[in-house]
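>
2 protein chains.
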Amino acid sequence: MINVLIADDQEIIRDSLELLVSSDERFDVVGLAENGRETVEKAFELRPDIILMDIRMPELNGIECVSLIKERDDSIKIIMLTTFDSEEYIYNSLKSGADGFLLKGISKVDLINSIETVYKGGASIEPDTAQKVFSIFGKMAKSFFINDRSDDIEALTETELRIIQLIGRGCSNKEIVSELHFSEGTIRNNISAILKKLDLRDRTQIAIFAIQSGIMLKSFHGES
Amino acid sequence: MINVLIADDQEIIRDSLELLVSSDERFDVVGLAENGRETVEKAFELRPDIILMDIRMPELNGIECVSLIKERDDSIKIIMLTTFDSEEYIYNSLKSGADGFLLKGISKVDLINSIETVYKGGASIEPDTAQKVFSIFGKMAKSFFINDRSDDIEALTETELRIIQLIGRGCSNKEIVSELHFSEGTIRNNISAILKKLDLRDRTQIAIFAIQSGIMLKSFHGES
DNA sequence: CAAAATAAATGACAATTGTCATTTATTGGA
DNA sequence: TCCAATAAATGACAATTGTCATTTATTTTG
Numbered sequence: 245m246i247n248v249l250i251a252d253d254q255e256i257i258r259d260s261l262e263l264l265v266s267s268d269e270r271f272d273v274v275g276l277a278e279n280g281r282e283t284v285e286k287a288f289e290l291r292p293d294i295i296l297m298d299i300r301m302p303e304l305n306g307i308e309c310v311s312l313i314k315e316r317d318d319s320i321k322i323i324m325l326t327t328f329d330s331e332e333y334i335y336n337s338l339k340s341g342a343d344g345f346l347l348k349g350i351s352k353v354d355l356i357n358s359i360e361t362v363y364k365g366g367a368s369i370e371p372d373t374a375q376k377v378f379s380i381f382g383k384m385a386k387s388f389f390i391n392d393r394s395d396d397i398e399a400l401t402e403t404e405l406r407i408i409q410l411i412g413r414g415c416s417n418k419e420i421v422s423e424l425h426f427s428e429g430t431i432r433n434n435i436s437a438i439l440k441k442l443d444l445r446d447r448t449q450i451a452i453f454a455i456q457s458g459i460m461l462k463s464f465h466g467e468s
Numbered sequence: 245m246i247n248v249l250i251a252d253d254q255e256i257i258r259d260s261l262e263l264l265v266s267s268d269e270r271f272d273v274v275g276l277a278e279n280g281r282e283t284v285e286k287a288f289e290l291r292p293d294i295i296l297m298d299i300r301m302p303e304l305n306g307i308e309c310v311s312l313i314k315e316r317d318d319s320i321k322i323i324m325l326t327t328f329d330s331e332e333y334i335y336n337s338l339k340s341g342a343d344g345f346l347l348k349g350i351s352k353v354d355l356i357n358s359i360e361t362v363y364k365g366g367a368s369i370e371p372d373t374a375q376k377v378f379s380i381f382g383k384m385a386k387s388f389f390i391n392d393r394s395d396d397i398e399a400l401t402e403t404e405l406r407i408i409q410l411i412g413r414g415c416s417n418k419e420i421v422s423e424l425h426f427s428e429g430t431i432r433n434n435i436s437a438i439l440k441k442l443d444l445r446d447r448t449q450i451a452i453f454a455i456q457s458g459i460m461l462k463s464f465h466g467e468s
């Protein structure tokens, strides 16, 4: 018997999902929740195998719920339900650690199959949604792990690297000064040097480079 | 009629795939390739609708092929074939921009369905593979995008979002002007509004936020 | 040691960026 | 229709940022 918790703020949806799910003898609807806080509470209280959860809910939205629940109990499987399969929703669901993503318009058979699949450790995505997942990933790849510029990076001083990191955290020159204890002029000169070496134009581009190159992950001595 | 190119270094696989695919009247196998270089050449020469491609191939591996082909013609759909659904293979396929990912043990019916799905603009992943996709994404999310500020993001105008994206690409105000066709003053006012809404201080922090929040992945109408 | 390279600082300057009060035009209700 | 809200623009101003030539001190090394 697979225990299911249903979370949606609209009563109609909640009830029809309950009817639908409990009509199959393999499933047992152990609880209903109508907002985010309640969902998290019932998740820990009832320990369902699967949660069917709307992305949009009052108090705590679905994404936040998933994070909270998964943080404490990763074994509870969560399928996100939504009306639209916008890239943003999918992206956020994936990000939060959900195990599946379904559109509310799904047929009874498909829903039942999806729950089973997820319960068994698989994940469920419809073709259209899957296409978007691929597309999101493609974009991430493009914007994140771009071209290799390790040669340029090797040309950088340690001080310059630290300044790049601080810029990558959004620090102003004054903040960099109080972190590294150089004069502001020196920081500026260093930044000019960085710009020349990396062939960039301003600190914003440095920040972007910092994140995309992985420089932010490096660590130095005497650092917080 | 859907034109298919089959790329695999093993003759047995190549032939059985050809047999399998061409047994369905909707498909036409327009070519076979036995290594990466040949695949790329035939892709541009024959312009198939779909390529079934092994991940492991001599000369150029599947991942590199996908990048090269997609770079020049994004309309050619590519389904990666592999014997194992290791996270690494999946990750690399997604990253390179493939449209689908299938295990070689797939049944005839499923293969045919997958080709059709991908041809129609969907993507095809099996449940087990899908589960791994979700898991990969979860891991990436943990190390990259920590903060959830969807409420703040919801308060943003579409224009503001586009400006954020452009800042996230390192554009200056003048460059934003020539992209969005507003006056520079308007752009500045918008940026002020963004800073207030997101509680940030300057454009550099906007750029950082843009990348870490996933805003860079959104797309709008009339965009390149 | 002396010359050269390097690191840090200074100050003056220009360009870019961000803020704000105000104006104009447009739009969607009441 | 009139009002309120909104989107876009303007101009003036301040703050931050980036550039550059020059100086000082320190270190390297031939």
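Going line by line, the protein sequences match chains L and E. The working numbering applies: residue 245 is where the first sequence begins, and numbers increase by one. The working numbering applies: residue 245 is where the second sequence begins, and numbers increase by one. For glycine and all other residues, C-beta sits at the position ideal for the given N, C-alpha and C. Fair warning: this is a prediction, and the values are worked out from it, not measured in the lab.
(1) Beta-carbon within less than 8 Å of I438 of chain E's beta-carbon, same chain only, minus the 5 sequence neighbours each way: which residues are those?
(2) Using the C-alpha atoms, what's the distance from E278 of chain E back to E255 of chain E?
(3) Closest to G366 of chain L by C-alpha separation, out of E:Y363, E:F378, E:L338 and E:L355, would be which residue?
(4) Just to confirm before moving on: does the CB-CB distance between I299 of chain E and V362 of chain E stay below 8 Å?
(5) Taking only the alpha-carbon atoms, compute the straight-line gap between I350 of chain L and L249 of chain E and give it to the nearest angstrom.
(6) In chain E, what lies closer than 7 Å to I411 of chain L by C-beta?
(7) I believe I323 of chain L touches I359 of chain L by the beta-carbon criterion, under 8 Å. Please report the beta-carbon distance rounded to the nearest angstrom.
(8) Hey, out of E:L263, E:S266, E:E289 and E:F345, whose CA is closest to S330 of chain E's CA?
(9) How long is the line joining the alpha carbons of S416 of chain E and F381 of chain L, rounded to whole angstroms?
(10) Could you please give me the residues that DSSP links to T326 of chain E through a beta bridge?
(11) Per DSSP, which residues does K321 of chain E bridge with? Please list them.
(12) Within its chain, find whatever has a CB closer than 8 Å to the CB of R316 of chain E; leave out the 5 residues flanking it on each side and keep chain order.
(13) Kindly indicate if chain E contains any beta-carbon less than 8 Å away from that of V377 of chain L.
(14) Going along the chain, which unbroken runs of the beta strand (DSSP E) with 3 or more residues stay wholly within the stretch 252-300 of chain L?
(15) May I ask which residues mark the beginning and end of the alpha helix (DSSP H) holding I356 of chain E?
(16) Between T283 of chain L and C309 of chain L, is the Cβ-Cβ spacing less than 8 Å?
(17) Are L325 of chain E and L296 of chain E touching if we call contact CB-CB under 8 Å?
(18) According to DSSP, V191 of chain L sits in a beta bridge with which residue or residues?
(19) Go through its chain and collect everything with a Cβ distance to S436 of chain E's Cβ below 8 Å, but skip five positions before and after it.
(20) What are the residues in the stretch 356-367 of chain L lying within 7 Å of chain E by C-beta distance?
(21) According to DSSP, N247 of chain E sits in a beta bridge with which residue or residues?
(22) Measuring only between beta-carbons, confirm whether G331 of chain L sits less than 8 Å from chain E.
(23) Can you find a C-beta in chain L that's less than 8 Å from the C-beta of L442 of chain E?
(24) Look at the Cβ atom of G275 of chain L, then the Cβ atom of S311 of chain L, and state whether they are nearer than 8 Å.
(25) Listing by chain order, which chain E residues have their CB less than 7 Å from the CB of F381 of chain L?
(26) Please state if the CB of L347 of chain E and the CB of D396 of chain E are separated by a distance shorter than 8 Å.
(27) In its own chain, which residues sit with a C-beta less than 6 Å from the C-beta of S266 of chain E, not counting the 5 before and 5 after it?
(28) For A251 of chain L, return the contacting residues in chain E, with the cut-off set at a CB-CB distance below 7 Å.
(29) When we look at the beta-carbon of P302 of chain L and count the other beta-carbons within 10 Å, is it buried (16 or more) or exposed?
(30) D343 of chain L touches chain E at which residues, Cβ-Cβ below 8 Å?
(31) Using a Cβ cut-off of 8 Å (strictly closer), state whether D317 of chain L contacts chain E.
(32) Can you tell which of L:H425, L:D343 and L:K314 has the C-alpha that lies nearest to the C-alpha of Q375 of chain E?
(33) Tell me which same chain residues have a C-beta within less than 8 Å of the C-beta of I246 of chain L, skipping the five on either side of it?
(34) D372 of chain E versus chain L: which residues are under 7 Å apart at the beta carbon?
(35) Starting from the beta carbon of K462 of chain E, find every residue of chain L whose beta carbon is closer than 8 Å, and list them in chain order.
(36) Looking at R281 of chain L and L263 of chain L, is the spacing between their C-beta atoms short of 8 Å?
From the atom records:
(1) For I438 of chain E, where only same-chain residues beyond five positions count, the Cβ hits under 8 Å are L400, E404, I407, I408, L444 and I450.
(2) Cα-Cα distance, rounded: 8 Å.
(3) The option with the nearest alpha carbon to G366 of chain L is E:F378.
(4) In this structure, I299 of chain E sits away from V362 of chain E, with a CB-CB distance that is not shorter than 8 Å.
(5) C-alpha separation (whole angstroms): 33 Å.
(6) Ordered by position in chain E, the residues that pass the 7 Å Cβ test against I411 of chain L are T448.
(7) Their Cβ separation, rounded to whole angstroms, is 7 Å, which keeps I323 of chain L and I359 of chain L in contact under 8 Å.
(8) E:F345 is the residue among E:L263, E:S266, E:E289 and E:F345 whose C-alpha sits nearest the C-alpha of S330 of chain E.
(9) Using only the alpha carbons, I get a separation of about 27 Å.
(10) Bridge partners of T326 of chain E: E:L347.
(11) K321 of chain E pairs with E:I294.
(12) Same-chain partners within the cutoff: F288.
(13) Yes, because at least one Cβ of chain E sits closer than 8 Å to the Cβ of V377 of chain L.
(14) Within the stretch 252-300 of chain L, the beta strand (DSSP E) runs of at least 3 residues that lie entirely inside it are, in chain order, 271-277 and 294-298.
(15) Element bounds for I356 of chain E: K352 to Y363.
(16) Yes; because the gap between Cβ atoms is below 8 Å, this pair is in contact.
(17) Closer than 8 Å, so yes.
(18) In the structure as shown, chain L starts at 245 and stops at 468, and residue 191 of chain L therefore has no counterpart that could be examined.
(19) Nothing meets the Cβ criterion.
(20) So the list reads T361, G365, G366 and A367, given in the order they occur along the chain.
(21) For N247 of chain E, which the question treats as bridged, DSSP gives the partners E:D272.
(22) For clarity, residue 331 of chain L is Glu in the given sequence; the question names Gly instead. Yes, its Cβ sits closer than 8 Å to a Cβ of chain E.
(23) Not closer than 8 Å to any Cβ of chain L, the Cβ of L442 of chain E fails to qualify, so no.
(24) Cβ atoms of G275 of chain L and S311 of chain L: not closer than 8 Å.
(25) The contact set of F381 of chain L on chain E, defined by CB atoms closer than 7 Å, consists of L338 and K339 in chain order.
(26) Contact flag unset, no.
(27) Taken in chain order, the residues that qualify are V273.
(28) Within 7 Å Cβ-Cβ: nothing; A251 of chain L doesn't reach chain E, min ~18 Å.
(29) Note on P302 of chain L: under 16 other CB atoms within 10 angstroms of its CB, so exposed under the neighbour-count rule.
(30) Simply Q375 and F378.
(31) Among the residues facing chain E, D317 of chain L is not included, as its CB has no counterpart in that chain under 8 Å away.
(32) Comparing Cα-Cα distances from Q375 of chain E to each of L:H425, L:D343 and L:K314, the minimum goes to L:D343.
(33) Answer for I246 of chain L: R270, F271, D272, D293, I294, I359, E360 and Y363, listed in chain order.
(34) Those within 7 Å of D372 of chain E in chain L are G366.
(35) Correct list: E331 and E332.
(36) Contact: no.
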